[in-house]
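Participant: Before anything else, here's the structure in question.
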Amino acid sequence: MIPPSFTYARATSVDEALALAAEHGEDAKYLAGGQSLLPLMKLRFAAPTVLIDLGRVTELSYVRDEGTYVAIGALTRHHDVATSELLLADIPLLAHTAEAVGDPQIRHRGTIGGSVAHADAAADLPASLLALDATFVVRGESGTRTAAAAEFFKGIFETALEPGELLTEIQVPKPASPSAWSFQKFNKRAIDFAMVGAAVQGAGGQNTAVALINMGSTPLRATAVESALANGASIADAAALAAEGTNAGSDIHASKAYREHLARVLVRRALEEASARA
Amino acid sequence: MKVELTVNGKGVTADVEDRTLLVHFLRDVADLTATNIGCDTTSCGACTVLLDGESVKSCTVLAAQADGRAVTTLEGLAAESGEMHPVQRAFHEEHGLQCGYCTPGMVMAIVSLLKENPSPTEAEVRTGLEGNICRCTGYHNIVKAALAAAEASQ
């Protein structure tokens with residue numbers, strides 16, 4: 001399969017990328033690692049007429065200690081997030097989530113910003129970033145703004161990014177107890193997207209964050225589980241509420257009821273694992 | 279557009295359509311056909327090559343994205359004398375192939391894996407090969423070959 005025809009344009013800096021986007025308008029699309037966009041184009045689910053390749057915008061590839069938070073350049077590859085000593089020590093949930101994406105070849109190309117901007121409800125990293133209360137830094141023609149993860153994901157493949165805007169950095173607060181994390185994903189083959197997944201940061205009780213993958217059109221916080229834990233519920237009792245407030249779909253892989261069952265099981269396992277690690 | 283790659287140490291330059299995939303550049307322009315096209319959907323790993331020394335699926339990389347960079351295919355592994363690369367020799371000795379279709383991708387994925395983790399456990403080899411599918415299900419000897427190659431390279 002070959003993608004539909006497009007014009008290839010290469011940016012070597014953020015300024016150049018924004019200028020190319022302004023020049024080509026809404027028919028243009030940014031290309032990061034291409035591990036989601038190119039397969040979609042081959043299947044004709046996407047047909048941008050201009051691709052703005054960000055692969056050489058090296059200024060956006062970094063993992064930086066900013067004291068209370070870690071700043072990650074949007075073009076940092078999954079492989080580099082997964083092997084970052086800073087993240088493994090201070091935010092292991094994020095490093096291990098990156099390690100769970102796709103397979104080694106995909107992790108050598110795919111980027112954290114690409115995954116966030118693509119906003120697939122079945123993707124791994126958006127859910128963990130939601131659990132970690134990440135902030136996304138966005139640049140556009142009119143300047144820089146930030147958006148909280150909780151307000152960023154709007155729908156299937158839909159985000160708060162305006163046309164031409166570029167996600168440049170992801171800021172992740174360091175959790176109080178970094179070791180109290182768990183990432184659970186249920187899929188049929190190792191490389192498949194999650195049928196359902198759960199990301200947990202916290203050891204139960206107050207301030208435990210629980211996010212769900214593929215239980216609606218965006219990654220979701222399991223707020224019923226979080227409130228129950230904050231009010232002293234046991235892990236088993238809290239996890240039983242994991243499907244509350246979700247809107248899972250039915251498809252060839254799983255029915256809505258099965259996904260709800262998976263959410264309850266995976267959240268329980270994740271809470272147990274995070275508590276054991278704390 | 280004009281694309282210039284270093285493929286197995288040699289420069290290859292061609293004018294290609296912007297949408298040309300790296301795997302097509304390697305097979306149709308550079309005339310290196312060891313790299314197979316399998317699923318064509320970033321799943322099976324048959325098209326795995328090294329891009330600046332790291333494994334990638336060449337069906338999901340544009341030739342334009344690889345412009346100016348170094349690509350290694352299976353043809354580039356053996357020494358000029360013809361002596362096989364340790365991973366190739368291990369596949370031969372451990373009978374790490376059945377029909378052979380996945381083999382070029384498996385070998386390249388293992389070369390990349392051993393570069394990142396020179397002494398993997400069996401579990402690490404199996405996880406490290408999660409992006410490569412063997413339709414003959416001949417995984418056991420492929421894993422044995424990877425472990426043998428790691429040992430031989432120590």
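Chains as they are written, first to last, in this note's numbering: chain A, 1 to 278; chain B, 279 to 432.
We put the beta carbon where it would ideally sit given N, CA and C, even for glycine.
#1: Measure the alpha-carbon distance for G287 (chain B) versus V267 (chain A) and round it to whole angstroms.
#2: Entirely within the segment 181-266 of chain A and at least 3 residues each: give me those beta strand (DSSP E) ranges in chain order.
#3: Under 8 Å, with one C-beta from each stretch per pair, do the segment 154-171 of chain A and the segment 110-122 of chain A reach the 3-pair mark?
#4: Go ahead and label Q432 (chain B) buried or exposed: buried means 16 or more other beta carbons lie within 10 angstroms of its beta carbon, across all protein chains shown.
#5: Chain A partners of D318 (chain B), CB-CB under 8 Å?
#6: Tell me which same chain residues have a C-beta within less than 7 Å of the C-beta of E353 (chain B), skipping the five on either side of it?
#7: Which of the three DSSP states is assigned to F62 (chain A) in this structure?
#8: Applying a beta-carbon distance threshold of less than 8 Å, which residues of chain A neighbour L391 (chain B)?
#9: Can you pull the chain A residues whose beta carbon is under 7 Å from the beta carbon of R297 (chain B), in chain order?
#10: Check T405 (chain B) in the structure and name its three-state DSSP category.
#11: Closest to T179 (chain A) by CA distance: which of A:P3, A:P92 and A:S13 is it?
#12: Count Cβ pairs between the segment 363-372 of chain B and the segment 400-410 of chain B that sit closer than 8 Å; are there 3 or more?
#13: With a threshold of 16 other CB atoms inside 10 Å of the CB of Q206 (chain A), please say whether the residue is buried or exposed.
#14: Nearest chain A C-beta to L355 (chain B) closer than 9 Å, yes or no?
#15: With which residues is D293 (chain B) paired in a DSSP beta bridge?
#16: By how many angstroms is the C-alpha of V200 (chain A) removed from the C-alpha of P280 (chain A)?
#17: Count the other CB atoms, across all protein chains shown, that sit within 10 Å of the CB of P163 (chain A); report buried if there are 16 or more and exposed otherwise.
#18: Listed from N- to C-terminal order along the chain, which residues in the segment 405-421 of chain B have their beta-carbon within a distance smaller than 9 Å of any beta-carbon of chain A?
#19: Have a look at A209 (chain A) and R269 (chain A) and give me their C-alpha separation to the nearest angstrom.
#20: Roughly how many angstroms separate the alpha carbons of P3 (chain A) and T320 (chain B), rounded to a whole number?
#21: Looking at the unbroken beta strand (DSSP E) that takes in T49 (chain A), where does it start and where does it end?
#22: Any idea if A45 (chain A) is buried or exposed, counting beta-carbon neighbours within 10 angstroms, 16 or more meaning buried?
#23: Is the separation between the beta-carbon of L132 (chain A) and that of Y30 (chain A) shorter than 9 Å?
#24: Within 10 Å of its beta-carbon, does P104 (chain A) have 16 or more other beta-carbons around it, so buried, or fewer, so exposed?
#25: By the criterion of Cβ-Cβ separation under 8 Å, what are the contact partners of Q343 (chain B) in chain A?
#26: Beta-carbon separation of T135 (chain A) and I170 (chain A) under 9 Å?
#27: Which residue comes first and which comes last in the alpha helix (DSSP H) that contains P104 (chain A)?
#28: If I measure Cβ to Cβ from A190 (chain A) and keep anything under 8 Å in the same chain, skipping five residues before and after, which residues do I get?
#29: Is the segment 52-61 of chain A close to the segment 6-17 of chain A, with three or more CB pairs under 8 Å?
#30: Would R264 (chain A) and A242 (chain A) qualify as a contact pair, given that the criterion is a beta-carbon distance under 9 Å?
#31: With the cut-off set at 9 Å, would you say T97 (chain A) and A127 (chain A) are in Cβ contact?
#32: Show which residues of chain B have a CB atom less than 7 Å away from the CB atom of I191 (chain A).
#33: So what does I170 (chain A) bridge to, in DSSP terms?
#34: Where T284 (chain B) and P398 (chain B) are concerned, what is the direct C-alpha to C-alpha distance, given to the nearest angstrom?
#35: For L94 (chain A) and G360 (chain B), what's the separation of their Cα atoms in angstroms?
#36: Mind checking whether N314 (chain B) and Y379 (chain B) have CB atoms under 9 Å apart?
Facilitator: Concretely, from the data shown:
#1: Working through the second sequence from its first residue, we reach residue 287 (chain B) at position 9. Working through the first sequence from its first residue, we reach residue 267 (chain A) at position 267. Straight-line Cα distance between these residues: approximately 50 Å.
#2: As far as the segment 181-266 of chain A is concerned, its whole beta strand (DSSP E) runs of at least 3 residues are 181-186, 196-201 and 209-213.
#3: Enough Cβ pairs lie closer than 8 Å, so yes.
#4: Stepping through the second sequence from its first residue, residue 432 (chain B) is reached at position 154. Q432 (chain B) counts as exposed, since fewer than 16 other beta carbons sit within 10 angstroms of its beta carbon.
#5: Numbered from 1 along the second sequence, position 40 holds the residue referred to as residue 318 (chain B). In chain order: M1 and K42.
#6: By one-based count along the second sequence, residue 353 (chain B) stands at place 75. Close CB contacts of E353 (chain B) within its chain, under the 7 Å cut and outside five residues either way in sequence, are with N286, L310 and A312 (chain order).
#7: As a first step, residue 62 (chain A) is located in the first sequence; it is residue number 62 there, counting from the start. The sequence given here has Tyr at residue 62 (chain A), not Phe. In the structure shown, Y62 (chain A) adopts coil according to DSSP, grouped into three states.
#8: Against the second sequence, residue 391 (chain B) aligns to sequence position 113. Those are P104, listed as they occur along chain A.
#9: Walking along the second sequence from the start, residue 297 (chain B) turns up at place 19. Think of a sphere of 7 Å around the beta carbon of R297 (chain B): the chain A residues whose beta carbon falls inside it are I2, P3, S5 and F6, in chain order.
#10: Here residue 405 (chain B) refers to the residue found at position 127 when the second sequence is read from its first residue. Residue state for T405 (chain B) is assigned as helix, using DSSP reduced to three classes.
#11: Locating residue 179 (chain A) in the first sequence gives position 179, where the first residue counts as 1. For clarity, residue 179 (chain A) is Ser in the given sequence; the question names Thr instead. Among A:P3, A:P92 and A:S13, the Cα nearest to that of S179 (chain A) belongs to A:P92.
#12: At 8 Å Cβ cutoff, the stretches do not touch.
#13: Counting from one through the first sequence, the residue named residue 206 (chain A) turns up at place 206. It counts as exposed.
#14: The sequence position of residue 355 (chain B) within the second sequence is 77, counting from 1. Not an interface residue.
#15: Here residue 293 (chain B) refers to the residue found at position 15 when the second sequence is read from its first residue. Beta-bridge pairing by DSSP links D293 (chain B) to B:K280.
#16: The question about residue 280 (chain A) has no answer here: the residues shown for chain A are numbered 1 through 278.
#17: As a position in the first sequence, residue 163 (chain A) is number 163, starting the count at 1. Exposed, by the Cβ-count rule.
#18: Cβ contacts with chain A: T405, G406, L407, E408, G409, N410 and I411.
#19: On the first sequence, residue 209 (chain A) is found 209 positions in, with the first residue counted as 1. On the first sequence, residue 269 (chain A) is found 269 positions in, with the first residue counted as 1. So the two alpha carbons sit approximately 14 Å from each other.
#20: Within the first sequence, residue 3 (chain A) is the residue found at index 3, counting from 1. Within the second sequence, residue 320 (chain B) is the residue found at index 42, counting from 1. Their Cα atoms are separated by approximately 14 Å.
#21: Taking the first residue of the first sequence as position 1, residue 49 (chain A) is located at position 49. Where T49 (chain A) is concerned, there is no enclosing beta strand (DSSP E), given that its DSSP letter is neither H nor E.
#22: As a working mapping, residue 45 (chain A) is identified with position 45 in the first sequence. Residue identity differs from the one stated: residue 45 (chain A) is Phe in this sequence, not Ala. Taking all protein chains in view, the Cβ of F45 (chain A) is surrounded by fewer than 16 other Cβ atoms within 10 Å, so the residue is classified as exposed.
#23: Along the first sequence, read from residue 1 onward, the residue named residue 132 (chain A) stands at position 132. Along the first sequence, read from residue 1 onward, the residue named residue 30 (chain A) stands at position 30. Not closer than 9 Å, so no.
#24: If you number the first sequence from 1, residue 104 (chain A) lands on position 104. So P104 (chain A) ends up on the buried side.
#25: What you label residue 343 (chain B) is simply residue 65 of the second sequence in a count that begins at 1. Going along chain A in sequence order, the residues near Q343 (chain B) (Cβ under 8 Å) are L31, G34, D53 and G55.
#26: Walking along the first sequence from the start, residue 135 (chain A) turns up at place 135. Walking along the first sequence from the start, residue 170 (chain A) turns up at place 170. Using a Cβ distance threshold of 9 Å, T135 (chain A) and I170 (chain A) count as a contacting pair.
#27: As a first step, residue 104 (chain A) must be located in the first sequence, where it is residue number 104. P104 to R107 is the extent of the alpha helix (DSSP H) around P104 (chain A).
#28: Here residue 190 (chain A) corresponds to residue number 190 of the first sequence, with the count starting at 1. Within its own chain, the residues whose Cβ lies closer than 8 Å to the Cβ of A190 (chain A), once the five positions on either side in sequence are excluded, are D103, listed in chain order.
#29: Output reads yes: the segment 6-17 of chain A touches the segment 52-61 of chain A.
#30: For the purposes of this step, residue 264 (chain A) is taken as residue 264 along the first sequence, with counting starting at 1. For the purposes of this step, residue 242 (chain A) is taken as residue 242 along the first sequence, with counting starting at 1. Judged by their CB atoms, R264 (chain A) and A242 (chain A) are nearer to each other than the 9 Å cut-off.
#31: Along the first sequence, one-based indexing puts residue 97 (chain A) at 97. Along the first sequence, one-based indexing puts residue 127 (chain A) at 127. Yes, Cβ-Cβ distance for T97 (chain A) and A127 (chain A) is below 9 Å.
#32: Counting from 1 along the first sequence, the entry for residue 191 (chain A) is found at position 191. In chain order: S321, E408 and G409.
#33: Position 170 of the first sequence holds residue 170 (chain A). Residue pairing by DSSP places I170 (chain A) opposite A:I72 and A:F136 in a beta bridge.
#34: Looking up residue 284 (chain B) in the second sequence gives position 6. Looking up residue 398 (chain B) in the second sequence gives position 120. Taking the CA atoms as reference points, T284 (chain B) sits about 30 Å from P398 (chain B).
#35: In the first sequence, the residue the question calls residue 94 (chain A) occupies position 94. In the second sequence, the residue the question calls residue 360 (chain B) occupies position 82. One C-alpha to the other measures close to 44 Å.
#36: One-based indexing of the second sequence puts residue 314 (chain B) at position 36. One-based indexing of the second sequence puts residue 379 (chain B) at position 101. A contact, by the Cβ cut-off of 9 Å.
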